[in-house]
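For reference, each letter of the sequence shown is one residue, going 1 to 876 in full-length UniProt numbering.
Have a look at the structure below before the remarks.
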Amino acid sequence: MFSTLRSIGQSTNLTLFHLNSSLIAALLGLAIYRLFIKDWSDPYHCQALLHTGDYLDGSKHTNWQPNGCMLHTYKPKTVGQCLAGRSVVFIGDSITRVLFYGALRTMDPSITPDGQAKHSDRTLKIGGIEWRYVWDPFLNSTTWSEILSAHYMSSLPSPTSTSKEDLATKNRPALLVVGSGLWFLGLPSGIDSWKQKIDHLVQLTSPGLTTRKSHSRIADEIVLLPVEYPAFDKLNQARKQKMHPNEVKEMNAYTLQKVDSNPSSPITIPTVMNLISQQAPSETEDGLHYSNKLSDIQARILFNLHCNDQVIKKFPLDKTCCFRYPTPNWIQIILLLFLLIWAPLGIYINHYPNSPLAVHSYLFPSNERLNSLAIFGGSMVLIFLSDRTSMFNKEQKQFDKLQFGTLNLLALIAGIWSGVTSEKGDLGILNREQTDEWKGWMQVAILIYHYLAASQISGIYNPIRICVASYLFMTGYGHFTYYYLKKDFSFSRILSVLVRLNLLTLVLAYVMDTDYLSYYFSPLVSMWFIIIWVTMFIGHQWNDRLVFLLPKLACSIILIVSFFKADRPLQYLFGFINTIFGTEWIANEWKFRVTLDIYIVYWGMITSLIYLKVKENKLIERDHSNRLDQLRKSSIWISLFGLPNKLIYNLYHPYISIIPIASFIILRNSTEFLRSTNSKFFVFIGQCSLETFIIQFHFWLGADTKGILKVLPFQGHRLINLILSTTIFIFISYQVAQSSGVLTSWLCHKPKASSNTNNMSSTDGGGSSSLEAGQAKSTNHDRAGSSSHHHSSSSNYLPVSTLDIDKPDPLNHAQHSTDNGNRNNNSEDPSWLGNLFVALGTLYKSHLPFRAAVWLACCWILNLLTPTKINSHGHI
Numbered sequence: 001m002f003s004t005l006r007s008i009g010q011s012t013n014l015t016l017f018h019l020n021s022s023l024i025a026a027l028l029g030l031a032i033y034r035l036f037i038k039d040w041s042d043p044y045h046c047q048a049l050l051h052t053g054d055y056l057d058g059s060k061h062t063n064w065q066p067n068g069c070m071l072h073t074y075k076p077k078t079v080g081q082c083l084a085g086r087s088v089v090f091i092g093d094s095i096t097r098v099l100f101y102g103a104l105r106t107m108d109p110s111i112t113p114d115g116q117a118k119h120s121d122r123t124l125k126i127g128g129i130e131w132r133y134v135w136d137p138f139l140n141s142t143t144w145s146e147i148l149s150a151h152y153m154s155s156l157p158s159p160t161s162t163s164k165e166d167l168a169t170k171n172r173p174a175l176l177v178v179g180s181g182l183w184f185l186g187l188p189s190g191i192d193s194w195k196q197k198i199d200h201l202v203q204l205t206s207p208g209l210t211t212r213k214s215h216s217r218i219a220d221e222i223v224l225l226p227v228e229y230p231a232f233d234k235l236n237q238a239r240k241q242k243m244h245p246n247e248v249k250e251m252n253a254y255t256l257q258k259v260d261s262n263p264s265s266p267i268t269i270p271t272v273m274n275l276i277s278q279q280a281p282s283e284t285e286d287g288l289h290y291s292n293k294l295s296d297i298q299a300r301i302l303f304n305l306h307c308n309d310q311v312i313k314k315f316p317l318d319k320t321c322c323f324r325y326p327t328p329n330w331i332q333i334i335l336l337l338f339l340l341i342w343a344p345l346g347i348y349i350n351h352y353p354n355s356p357l358a359v360h361s362y363l364f365p366s367n368e369r370l371n372s373l374a375i376f377g378g379s380m381v382l383i384f385l386s387d388r389t390s391m392f393n394k395e396q397k398q399f400d401k402l403q404f405g406t407l408n409l410l411a412l413i414a415g416i417w418s419g420v421t422s423e424k425g426d427l428g429i430l431n432r433e434q435t436d437e438w439k440g441w442m443q444v445a446i447l448i449y450h451y452l453a454a455s456q457i458s459g460i461y462n463p464i465r466i467c468v469a470s471y472l473f474m475t476g477y478g479h480f481t482y483y484y485l486k487k488d489f490s491f492s493r494i495l496s497v498l499v500r501l502n503l504l505t506l507v508l509a510y511v512m513d514t515d516y517l518s519y520y521f522s523p524l525v526s527m528w529f530i531i532i533w534v535t536m537f538i539g540h541q542w543n544d545r546l547v548f549l550l551p552k553l554a555c556s557i558i559l560i561v562s563f564f565k566a567d568r569p570l571q572y573l574f575g576f577i578n579t580i581f582g583t584e585w586i587a588n589e590w591k592f593r594v595t596l597d598i599y600i601v602y603w604g605m606i607t608s609l610i611y612l613k614v615k616e617n618k619l620i621e622r623d624h625s626n627r628l629d630q631l632r633k634s635s636i637w638i639s640l641f642g643l644p645n646k647l648i649y650n651l652y653h654p655y656i657s658i659i660p661i662a663s664f665i666i667l668r669n670s671t672e673f674l675r676s677t678n679s680k681f682f683v684f685i686g687q688c689s690l691e692t693f694i695i696q697f698h699f700w701l702g703a704d705t706k707g708i709l710k711v712l713p714f715q716g717h718r719l720i721n722l723i724l725s726t727t728i729f730i731f732i733s734y735q736v737a738q739s740s741g742v743l744t745s746w747l748c749h750k751p752k753a754s755s756n757t758n759n760m761s762s763t764d765g766g767g768s769s770s771l772e773a774g775q776a777k778s779t780n781h782d783r784a785g786s787s788s789h790h791h792s793s794s795s796n797y798l799p800v801s802t803l804d805i806d807k808p809d810p811l812n813h814a815q816h817s818t819d820n821g822n823r824n825n826n827s828e829d830p831s832w833l834g835n836l837f838v839a840l841g842t843l844y845k846s847h848l849p850f851r852a853a854v855w856l857a858c859c860w861i862l863n864l865l866t867p868t869k870i871n872s873h874g875h876i
């Protein structure tokens, strides 16, 4: 399996382009079938919200899943944005009252019905909203008459405008919830009397009457609750004599028939309310009134129905029930068209040099690079369609111990099964394959952790935090090693690393209209790379002197820790950046991300220094078997250390994360067999771990990581969906990693007089930056110096391999001159505009600082021109 995947990765770019195109076409075919055939009558999942669903957590009854969409958990602030300055009225029986308090708990969990008479009204003002419950089981109160006649008067402050329409809007309830029925049972002609009430409501809200004026409507949203289907076996004897299943079914069928016969009726009947209670009979004691857990879910149904399409639509877009995705802004449209069209157009022009369009061939690079761009661009378009349109369903996450254990066990089996031992013998401590393997198994653990929403389980959260810290440890270790040995502080090196780290992240930030810092790993590693570069660059000619290097590291630690521990400096910095560059970065969130692992990067640098000094003094070649055995045993016990509480662990994590990391390194490298053995499966995942971490935000997971993506158009089948979506997700991530490596080499390439000066060792010190290393093709030099006896003899050996940017770009030599020749042969004399483009292109190609300045200027302009608000009524 792994050899097949690798052979795919090593095939021609044209074949990869065809495979990627076919895969995308198949996925889009499934999505189109679901959207336009299977679910054509309910593309926005309103009916799914109102009539379908199931509990994902079994008997716990807390995670309700409508078919094909996600329930948003509303907070007071969001409810305020939806309903501020308006009133919400619940009118009906005691079942309606239970739902009323479920809605109130969304605003203030401390509110209870304690101290209130059972059959009484209640009015509260919370968050600028008037919440009112009216006890009226027979729908014959004065308040009900006022509502029906559109003369309801709220107690909210009058609007500044005195127009009739504004006054009517202020008084008209934004949401009217009506619940009645069970009290009519047992009365003479009770059902007939109830039907008359329903007929009157439907008649007054029929389009023929509501077309008078919009301000004469009785409410913005009218929700008629279904007659509750009781748990009949739990009813007391008196209720059993009055309430019969057939009568309840008859009443509910009648309301549905009345509303369905009038498609333009503004009345909504959420039959799902009965489904929620019928699937949880253990949540009621008297057969009528259910626990707060269920009324909270029912209140969420109401808020998702009324508010999802009204609140400002900014990421995370995790409200997918009764929700129309916002229309892409003009920047998104331009980027999507460019990613979708430019590379295929260039491939066509290069393939048909005699076509009329061939005069523009100078605008395009070689087909190899265009194919990489086509793969990258096609993947971005697919990701956009997956998480910014209704083409793919999204569902909620659910933690399951058995699934979590099974998935991790299967990954472990795959890792062990694919283990191989190098014929070269001892590969040394933290060799290329070992660090890729390390990143690979950690990435698998993180993916499973995210997919199953395991963050609330402290026994799982703590090890995952160690995994993130391990990536940062490798960042410090690898980059320190590179700059200590290579002493290459050139701008081209900096630019290449930063582009490789951020290319995918920046493109997604604009294409998905999100925030750069929301993909926190790339910005975090980029920041630490810059800090390491500055630290190592200052006085770099004396870096080989410990008397200078150690105090310099200490000063760096003190400055960085002091900066991030203080509140004001980061707030001032982010305030300046937000003002100048049009970003919306939040200082407190970034401070939390940085300070949680603020020491581990320096531990990586110090570990690298210790290892290099040990190797310089050939201490590693001496016999320390007894000491190593004692250290190995100690590490086993230390690695089991943990804290039971997530919040408590976060306090200790910055100081203790080095303990399990050091223990793992000692254990993993404790014998020659372990150092020379690696898992091909985990190595494969490790080579595209940056891409899997970023792409999971929108593909595989969904709704900006808040849910999971359903690639199958059928309800249920979550296991089959997991298998299929995981296969596609890994394939796309690997191809994006490969294409990103080629694009980075192209974007950061600077023509040189001698091709030999273009070569750098592929084994640098990127550490966690090798998270972004993705090119499977390696030159013979990539593996040079792998055996242990080479470690001491080769000064070029670096113990942690890193970016594919340091590998010779095969396109820069064989293709570069060919590209220029093709451009000269195929293009006619250009116009003055063409000359201008050529001149700017020459400057762009030959001066990396100018090139970087152009990129920053483009990002700056895009930030300033990005619309701050998205049309809340647009959709795709």
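Beta carbons: idealized from backbone N, C-alpha and C, even for Gly.
For E221, the pairing in a beta bridge is given by DSSP as L175.
Between S277 and G102, the C-beta gap is not smaller than 7 Å, which leaves the two residues out of contact. When DSSP states are grouped into helix, strand and coil, E283 belongs to the helix group. The way I'd put it, the stretch 471 to 489 doesn't touch the stretch 733 to 749; fewer than three beta-carbon pairs between them come closer than 8 Å. The beta-carbon distance between I347 and A358, rounded to whole angstroms, is 13 Å. This is too long to meet the 8 Å contact definition. Our two residues, L305 and F90, have alpha carbons roughly 16 Å apart in a direct line. The criterion of a C-beta distance shorter than 7 Å is not satisfied by C321 and L506. In the three-state reduction of the DSSP assignment, S94 falls in the helix class, which pools H, G and I.
Assignment of beta-bridge partners to Y290 by DSSP yields T284. Here W183 is not near P245, since their CB atoms are 7 Å or more apart. Per DSSP, L452 lies in no beta strand (DSSP E) and is assigned neither H nor E. The C-alpha of L30 is placed about 22 Å away from the C-alpha of Q65. A509 is the residue among C748, A587, A509 and L712 whose C-alpha sits nearest the C-alpha of L862. With respect to the 7 Å criterion, G186 and K242 are classified as neighbours on the basis of their beta carbons. In terms of Cα proximity to Q434, the closest of P328, R675 and K394 is R675.
For K240, the three-state secondary structure derived from DSSP is helix. Around the C-beta of S490, fewer than 16 other C-beta atoms lie within 10 Å, and the residue is accordingly described as exposed. For the pair P43 and S518, the CB atoms are not nearer than the 7 Å cut-off.
Taking the CA atoms as reference points, H61 sits about 6 Å from Y55. Exclusion of the five residues before and after Q403 leaves L452 as the residues of its chain whose Cβ lies within less than 8 Å of its Cβ. The stretch 677 to 696 and the stretch 411 to 423 touch, with three or more beta-carbon pairs separated by less than 8 Å.
The beta carbons of L524 and R593 sit about 6 Å from each other, so the pair counts as a contact at 8 Å. In terms of Cβ geometry, S120 and W131 do not form a close pair [threshold 7 Å].
Here the alpha carbons of I333 and L35 stand approximately 21 Å from one another.
Secondary structure at D544: coil, using DSSP grouped into helix, strand and coil.
Counting C-beta pairs closer than 8 Å gives fewer than three between the stretch 413 to 422 and the stretch 70 to 87, which falls short of the contact rule. Inclusion of L843 and F850 in the CB contact set at 7 Å is warranted, their separation being smaller than that value. For S41, the three-state secondary structure derived from DSSP is coil.
Around the beta carbon of N669, 16 or more other beta carbons sit within 10 angstroms, so the residue counts as buried.
Check the Cα spacing between L83 and each of S180, D220 and L23: the tightest is with D220. When the beta-carbon positions are compared, L224 and V178 come within less than 7 Å of each other.
Take the alpha-carbon of I586 and the one of A566: they are about 15 Å apart. Counting only the Cα atoms, S41 lies some 16 Å from Q715. Closest in alpha carbon position to R568, among I580, N588 and K552, is N588. L302 has its alpha-carbon roughly 11 Å from the corresponding atom of F100. Put simply, the stretch 531 to 546 touches the stretch 473 to 483. At least three CB pairs are less than 8 Å apart.
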